[in-house]
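Participant:
Number of protein chains: 2
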Amino acid sequence: MTRTTPAGTPLGDEFHVYDTTLRDGAQREGISYSVTDKIAVARLLDSLGVGFIEGGWPGALPKDTEFFHRAAAGELELRHAALVAFGSTRRAGTQAHDDPQVRALLDSQAPVVTLVAKSDRRHIERALRTDVAENCAMVADTVRFLVGEGRRVFLDAEHFFDGYAFDPDTSLRVLEAAAGAGADVVVLCDTNGGQLPTQLAETVTEVVARTGFRVGIHCQDDTGCAVANTVAAAQAGATHVQCTANGYGERAGNADLFPVIGNLATKLDMPVLPEGRLAELTRVSHAIAEIANLAPDTHQAYVGTSTFAHKAGLHASAIKVDPELYNHIDPARVGNGMRVLVTEMAGRASLELKGAELGMDLSDSPDAVTGAVRRVKELEARGWSFEAADASLELLLRREVAAAEGEQAPPDAPFELESYRVLLDHAQDGSVVSEATVKVHVGQERVIATAEGNGPVNALDAALRKALVPHLPWVESVELADYKVRILTDTHGTEAVTRVLVESRDGDQEWTTVGVHGSIVEASWLALCDALAFKAMRRDAVASRKS
Amino acid sequence: MTRTTPAGTPLGDEFHVYDTTLRDGAQREGISYSVTDKIAVARLLDSLGVGFIEGGWPGALPKDTEFFHRAAAGELELRHAALVAFGSTRRAGTQAHDDPQVRALLDSQAPVVTLVAKSDRRHIERALRTDVAENCAMVADTVRFLVGEGRRVFLDAEHFFDGYAFDPDTSLRVLEAAAGAGADVVVLCDTNGGQLPTQLAETVTEVVARTGFRVGIHCQDDTGCAVANTVAAAQAGATHVQCTANGYGERAGNADLFPVIGNLATKLDMPVLPEGRLAELTRVSHAIAEIANLAPDTHQAYVGTSTFAHKAGLHASAIKVDPELYNHIDPARVGNGMRVLVTEMAGRASLELKGAELGMDLSDSPDAVTGAVRRVKELEARGWSFEAADASLELLLRREVAAAEGEQAPPDAPFELESYRVLLDHAQDGSVVSEATVKVHVGQERVIATAEGNGPVNALDAALRKALVPHLPWVESVELADYKVRILTDTHGTEAVTRVLVESRDGDQEWTTVGVHGSIVEASWLALCDALAFKAMRRDAVASRKS
């Protein structure tokens, strides 16, 4: 059996950062993890340094049973966190050691078990259809049995806050049953998420004072206050906070692990992670979103890509001088960075700042800045957006600089397009085929290539690579890392257009380009061309530095 | 000049719900309103019954100047809200009545003006490059001038909380300068968004006690606590809350108007909206997202489409009996509704619940439920998702019921497809053409039709309509209301597939269907077919009720 306390954090077992992304977080609409996904998420959380990782509900969900099996077999070695299995108490009228659900918790080999129990009399009577005495016996028996088997046990007191407001004695009896039988932490759960921080903190203070038990907190976000509630509970005496990565969870979600850690660490000076790990916050957040197959929330506190981004106008010139006046913390502390947004509202100051961020000094190129502002506005009016497409923006800026200074501009692509054609056939036998032909000029040669793909864009990308690789072998190293499509509907009185963002990578770096057109295929084509043009420009820059 | 106090709310002028969606909210990355958009947003906010609508910054942004001009010319008649112009104080070393920015505020004809002023000594000295005395004079002069011109004036004290922590005397002097010159409300702004509720509430209490001024609150969401901070400030004595619809705003955003209203109204029993308007909360939230051209946040507190959605498993059977045990409020109070999600984790209970929601009693059709569970699981494994596609799910359920009972199932589409072909040409002259040909059988006839479109899906849709309308005239009434594309990347080890959601409408109702395929065109085709099949089924149902 492995560790039951957090390792490597300055606070040790005194304060628990407890993650339930893999159990409660998996309840979020749209999430479905494979077992391999779950192991990858657990590794990321462990690398961040959380104290506990709740892996799932063995015995209830086959994937979760398999997760614990594979973890115990050595596939998941945790350096910081203790692994936790979640489950319910024995059923009414049975013995704990006979209950197959309780057995499954032991079989999971997780060293820590969190049991969920009802602590609202209405739920005990109406949903569980038993009485308070039997409910308390179910809790006490199950805790005692698992502690006897060497497990560390926590109790999730479901619907605690609503129950405590309705009938405090029942709710406290449930906590006493657990603590009396050996549970280490009683976790007060705002299961329906209806609490506000002031009231919730009062209840936490009162429960700590009345019971003396070690208290934890579990908040749902139905009032939009889950992060605030969790932090307020910690200030009121809770020493165990249950969160999920990116706030994933049922309904409005759970308390978001990343802002909770950000607030505890930077606002309350609580060293809740191992030394040096706070700067991993942004990376881990985005990596888990990737595994969950959800777009990261760009406006998420602490870790969103927009969260330290400043639009131009009012502040742009002041930010140039004094960035710390405009950020609540230095974004580097949480592994995030400041960005300047290039948008319709942007003027010269923000394009210059953006240029500096991309390593270009535009202060001596007023004509290039004028040209770039005009060009950006013109494209944005047609649906382009450079906020996420730094590589396309850098190409645009470099072309304007070259034009202003009479130098050679980076070309549109490292080849010339003659034409392309894509054919999509749904044949009478039901088969669906996408086939693309490109005709391009590379160097002195005219090349024609045809390829099939699983869709029109894939076929076009394949045909282009087939045409280029014999002449430009480096094209092979560029792979498509991500591809996003946004339909810009005609709420603004124009024809609908499609905006495509292509994220490319080559082992060393990643870069994002944009294309806009009425046809998704042409929009994708434009973004693909920019991606190759950007890579070619970078190669030329490296070559000229070497020579 | 029109009203300067809220009309129609039980609290009257005692408590201000102040909306700044159109000014501070417009700072959000990706938002760009036209003047017509701004008028539409203002009408929605007024229909909800907020007390103040800050329309923009006349004189600084040409669109905002035009907005106020068009509003004053009669294009915007507000029934509940007072219209507010936002702007800065006179510049250092000038006279208020000479300052063109201050003049623009008068020219806007807005009856209320909110002035922004620095209240953090570091900002006064380092960003504004003046001293505290001159800063206070700028505030007092400008307030006095505008009040003299008949305007009601509020002061936004920028960076107040950081400033007050650093040098409280300076921050209080700025408030005194404003209140002494006739400002009605001094708004404490957490401009960098670094506050937590406990500390923020203490400061609000202290400022109210020390000054006796009417205090407002403006929070940014950089700690993920903007909603909680706003509510905590109201509990601590603030009687004016500044928010933005859906929390739109710079960086992590602003305090979200909808959960703030939800919390004040349902948790603190404050009647902040006119009678009956709370039930408009969800509709107004989604309508503003539509105008902002942003997808609504499905997990937003109170108003998200997932916010009262319950995944199956643990709770499904209990929810059937006792829904109020599982929701923090009755969703109908805020115009939202409970949903049951059909997902991988779903079992029989949730499919039955979902059926009931769609008006189908499945309790007597155990075989149909078995078949439906199997079919949903099989499709979900291939990337389908029915969570947002109720129409596709209803077709699936009805087909399973028909199969189980030996009845005729709703057909895949109101025609038979022989084949289609889509051709995308990027010609040598740079022109891009999308052309589609469909061959279908409608009734007894074989029909071939060809059409062009601005992209492959549009061309295919056009060709299909061209083929069908002469034979099925009702097809013409079905229009495509929205179209969403999601690329499911291969993080799960499979080939990337494309999931398309099509929202259709016909004047009476809207419905959503889903299609999944490697090719975006085939995925769109499947969703389009389902959309027509659904409409045909509904027509048949109406016809059989009439006969």
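Chains as they are written, first to last, in UniProt numbering: chain A, 1 to 547; chain B, 1 to 547.
Ideal Cβ positions, reconstructed from N, Cα and C, are used throughout, including at glycine.
#1: Label B:V448 either buried or exposed according to how many other C-beta atoms from any shown protein chain fall within 10 Å of its C-beta, with 16 as the threshold for buried.
#2: Tell me whether B:C225 sits in a helix, a strand or coil according to DSSP, three-state version.
#3: Less than 9 Å between the C-beta atoms of A:L44 and A:R277, yes or no?
#4: Using a cut-off of 9 Å between C-beta atoms, extract the partners of A:S350 located in chain B.
#5: Among A:E435, A:G247, A:L464, which has the Cα closest to the Cα of A:L417?
#6: Give the DSSP-derived three-state secondary structure of B:S108 in the structure shown.
#7: Is the CB of A:Y164 under 9 Å away from at least one CB in chain B?
#8: Report the rounded CA-to-CA distance for B:R210 versus B:V112, giving the unit in angstroms.
#9: Could you tell me whether any Cβ in chain A is nearer than 9 Å to the Cβ of B:W384?
#10: By alpha-carbon positions, which one of A:L11, A:H426, A:F154, A:L264 ends up nearest to residue 548 of chain A?
#11: For B:I487, which residues from the same chain have a beta carbon less than 7 Å from its beta carbon, with the 5 sequence-adjacent residues on both sides left out?
#12: Quick one, are the C-beta atoms of B:V17 and B:G51 less than 9 Å apart?
#13: Relative to the C-alpha of B:F415, which candidate in B:H441, B:E357, B:Q199, B:A409 has its C-alpha closest?
#14: Can you tell me which of the three DSSP states A:N246 falls into?
#15: Between A:H240 and the rest of its own chain, which residues show a CB-CB distance below 8 Å, the 5 nearest in sequence each way excluded?
#16: On the three-pair Cβ rule with 8 Å, is the region 499 to 508 of chain A touching the region 519 to 535 of chain A?
#17: Using CA atoms only, rank isn't needed, just tell me which of B:K546, B:R545, B:T512, B:S544 is closest to B:D530.
#18: Below 9 Å on C-beta distance, what does residue 613 of chain B contact in chain A?
#19: To test your reading of the DSSP string, which unbroken beta strand (DSSP E) runs of 3 or more residues are found completely within the region 244 to 282 of chain B?
#20: Among A:P259, A:Q235, A:V321, which one has its Cα closest to the Cα of B:E221?
#21: Just checking, does the region 96 to 114 of chain A make contact with the region 293 to 301 of chain B on the three C-beta pairs under 8 Å criterion?
#22: DSSP three-state label for A:S365, please.
#23: At a Cβ cut of 8 Å, what residues of the region 38 to 50 of chain B count as close to chain A, listed as they run along the chain?
#24: From B:R28 to A:L61, what does the alpha carbon distance come to, in whole angstroms?
#25: List the endpoints of the continuous beta strand (DSSP E) containing A:T513.
#26: So, for B:R375: in the same chain, excluding its five sequence neighbours on each side, which residues have a beta-carbon less than 7 Å away from its beta-carbon?
#27: State the DSSP-derived secondary structure class of B:G87, mapped to helix, strand or coil.
#28: Could you spell out where the beta strand (DSSP E) holding A:L188 opens and where it closes?
#29: Counting pairs of Cβ atoms below 8 Å between the region 67 to 76 of chain A and the region 124 to 143 of chain A, do you hit three or more?
#30: If you draw a straight line from the C-alpha of A:R90 to the C-alpha of A:T2, how long is it?
#31: Would B:S434 be called buried (16 or more neighbouring beta carbons within 10 Å of its own) or exposed?
#32: Does the beta carbon of A:I217 sit closer than 9 Å to a beta carbon anywhere in chain B?
#33: Quick one: Cα of B:H286 to Cα of B:D13, how far?
#34: A:E134 versus chain B: which residues are under 7 Å apart at the beta carbon?
#35: Along the chain, where does the beta strand (DSSP E) that runs through A:V132 open and close?
#36: Taking a contact to mean a Cβ-Cβ separation below 9 Å, would you say B:G25 touches B:G249 in this structure?
Facilitator: Answer, in terms of the structure:
#1: Along the second sequence, read from residue 1 onward, the residue named residue 448 of chain B stands at position 448. Residue identity differs from the one stated: residue 448 of chain B is Ile in this sequence, not Val. So B:I448 ends up on the exposed side.
#2: Residue 225 of chain B sits at position 225 when you count from the first residue of the second sequence. Correct three-state label for B:C225: coil.
#3: Locating residue 44 of chain A in the first sequence gives position 44, counting from the first residue. Locating residue 277 of chain A in the first sequence gives position 277, counting from the first residue. When the beta-carbon positions are compared, A:L44 and A:R277 stay at least 9 Å from each other.
#4: Here residue 350 of chain A refers to the residue found at position 350 of the first sequence. Below the 9 Å Cβ cutoff, chain B contributes no neighbours of A:S350, its closest Cβ being approximately 12 Å away.
#5: As a position in the first sequence, residue 417 of chain A is number 417, starting the count at 1. Minimum Cα distance to A:L417 is reached at A:L464.
#6: By 1-based counting over the second sequence, the position of residue 108 of chain B is 108. Residue state, collapsed to three classes: coil.
#7: One-based indexing of the first sequence puts residue 164 of chain A at position 164. With 9 Å as the cut-off, A:Y164 does not count as an interface residue toward chain B.
#8: For the purposes of this step, residue 210 of chain B is taken as the residue at position 210 of the second sequence. For the purposes of this step, residue 112 of chain B is taken as the residue at position 112 of the second sequence. Rounded to the nearest whole angstrom, the CA to CA distance from B:R210 to B:V112 is 26 Å.
#9: Locating residue 384 of chain B in the second sequence gives position 384, counting from the first residue. Answer no: the Cβ-Cβ gap between B:W384 and chain A never drops below 9 Å.
#10: Lying outside 1 to 547, the shown extent of chain A, residue 548 of chain A is not represented and no answer is given.
#11: Sequence index remark: in the second sequence, residue 487 of chain B carries index 487 (1-based). Contacts found: A496, T498.
#12: Residue 17 of chain B sits at position 17 when you count from the first residue of the second sequence. Residue 51 of chain B sits at position 51 when you count from the first residue of the second sequence. Yes. Within cutoff.
#13: Numbered from 1 along the second sequence, position 415 holds the residue referred to as residue 415 of chain B. In this structure, B:H441 is the residue among B:H441, B:E357, B:Q199, B:A409 with its C-alpha nearest to the C-alpha of B:F415.
#14: Here residue 246 of chain A is taken as the residue at index 246 of the first sequence, counted from 1. Note: A:N246 maps to helix in three-state DSSP.
#15: In the first sequence, the residue the question calls residue 240 of chain A occupies position 240. Contacts found: F15, H16, Y18, F154, V185, V187, R214, V215, G216, I217.
#16: Yes, they touch.
#17: Position 530 of the second sequence holds residue 530 of chain B. Nearest neighbour of B:D530 by Cα position, chosen from B:K546, B:R545, B:T512, B:S544, turns out to be B:T512.
#18: The question about residue 613 of chain B has no answer here: the residues shown for chain B are numbered 1 through 547.
#19: Qualifying beta strand (DSSP E) stretches: none in this window.
#20: In the second sequence, the residue the question calls residue 221 of chain B occupies position 221. Per the sequence shown, the amino acid found at residue 221 of chain B is Asp instead of Glu. Comparing C-alpha distances from B:D221 to each of A:P259, A:Q235, A:V321 shows the shortest one belongs to A:P259.
#21: Touching, no.
#22: As a first step, residue 365 of chain A is located in the first sequence; it is residue number 365 there, counting from the start. In this structure, A:S365 counts as coil in the three-state DSSP scheme.
#23: Residues passing the 8 Å Cβ filter: none.
#24: The sequence position of residue 28 of chain B within the second sequence is 28, counting from 1. The sequence position of residue 61 of chain A within the first sequence is 61, counting from 1. B:R28 and A:L61 have their C-alpha atoms roughly 41 Å apart.
#25: Translated into positions along the first sequence, residue 513 of chain A becomes position 513. That run of the beta strand (DSSP E) goes 510 to 517.
#26: Your numbering for residue 375 of chain B matches position 375 in the second sequence. Excluding positions up to five away in sequence, the list reads L396, E400.
#27: Position 87 of the second sequence holds residue 87 of chain B. DSSP places B:G87 in strand when its eight states are reduced to three.
#28: As a first step, residue 188 of chain A is located in the first sequence; it is residue number 188 there, counting from the start. First-last of the beta strand (DSSP E) with A:L188: 185 to 190.
#29: Verdict: no, contact absent.
#30: Taking the first residue of the first sequence as position 1, residue 90 of chain A is located at position 90. Taking the first residue of the first sequence as position 1, residue 2 of chain A is located at position 2. Taking the straight line from one Cα to the other gives about 25 Å.
#31: Translated into the one-based positions of the second sequence, residue 434 of chain B becomes position 434. Looking at its Cβ environment, which holds 16 or more other Cβ atoms inside 10 Å, B:S434 is buried.
#32: Here residue 217 of chain A refers to the residue found at position 217 when the first sequence is read from its first residue. Under the Cβ distance rule, A:I217 does not count among the residues neighbouring chain B, no pair being separated by less than 9 Å.
#33: Working through the second sequence from its first residue, we reach residue 286 of chain B at position 286. Working through the second sequence from its first residue, we reach residue 13 of chain B at position 13. Each residue's alpha carbon lies about 28 Å from the other.
#34: To locate residue 134 of chain A, count along the first sequence from 1; it is residue 134. Here the premise fails: no neighbours, minimum Cβ distance about 17 Å.
#35: Counted from its first residue, the first sequence places residue 132 of chain A at position 132. Judged by DSSP secondary structure, A:V132 falls outside any beta strand (DSSP E) and instead within the alpha helix (DSSP H) spanning 132 to 148.
#36: As a first step, residue 25 of chain B is located in the second sequence; it is residue number 25 there, counting from the start. As a first step, residue 249 of chain B is located in the second sequence; it is residue number 249 there, counting from the start. For B:G25 and B:G249, yes; Cβs fall inside 9 Å.
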